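Numbering (the numbering used here), first residue to last: 46 to 215.
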């Protein structure tokens, strides 16, 4: 009908993953890493990991202190790429430090945002047509409007807007 819908596939997929994680009731499937990852962290962040180990375990992480200033990551939430594991743990530590005053549920939501973001489709990835079609269906149906951070996942351009951009009309 004279409109062009542009979809941010990462943001839309992130929302879909976040919603699916929320529906799982915080019991997220975990995948063991073939090779555990050692992550160097400041001692206060290692303490944060220890204090929040039960929550992290429910969210699919198997992580424990590993000597002075390090943790070892043995498992991550399912569908998480191993290359994203260390940055994800570091981001979760940052969120835990900044959000010490948040409720338990808000902390879990914050961590779920991180998990969904890291697991979502990235720019440049080869994505199956069927997966892209599912994302498009969810956006067009109105089920997916905003990413977990509140940004819109799509924009619509009308033929009139495009004609104005190309100076076809004033």
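All C-beta atoms, glycine included, are put in the ideal place defined by N, C-alpha and C. Please read all numbers here as calculations on a predicted model, not as lab measurements.
- Ranked by how close their Cα comes to the Cα of residue 70, the residues 193, 103, 135 have 103 in first place.
- Nearest C-alpha to residue 197 among 55, 48, 46, 47: 55.
- Only exposed fits residue 178, as fewer than 16 other CB atoms lie within 10 angstroms of its CB.
- Under the Cβ criterion (8 angstroms, minimum of three pairs), the segment 115-127 counts as touching the segment 76-88.
- Boundaries of the alpha helix (DSSP H) around residue 141: 130-143.
- In this structure, 203 is the residue among 193, 203, 67, 176 with its C-alpha nearest to the C-alpha of residue 47.
- Out of 154, 182, 106, the CA that lies nearest to the CA of residue 121 is found in 106.
- For residue 85, no alpha helix (DSSP H) encloses it; the enclosing beta strand (DSSP E) starts and ends at 75-85.
- Per the coordinates, the alpha-carbon of residue 59 lies some 32 angstroms from the alpha-carbon of residue 114.
- A direct Cα-Cα distance of roughly 44 angstroms separates residue 174 from residue 92.
- Around the beta carbon of residue 159, 16 or more other beta carbons lie within 10 angstroms, which makes this residue buried.
- Setting aside the 5 residues that flank it on each side, residue 152 is surrounded in the same chain by 97, 100, 140, 141, 144, each with a C-beta closer than 8 angstroms to its C-beta; the list follows chain order.
- Secondary-structure assignment with DSSP links residue 201 through a beta bridge to 50.
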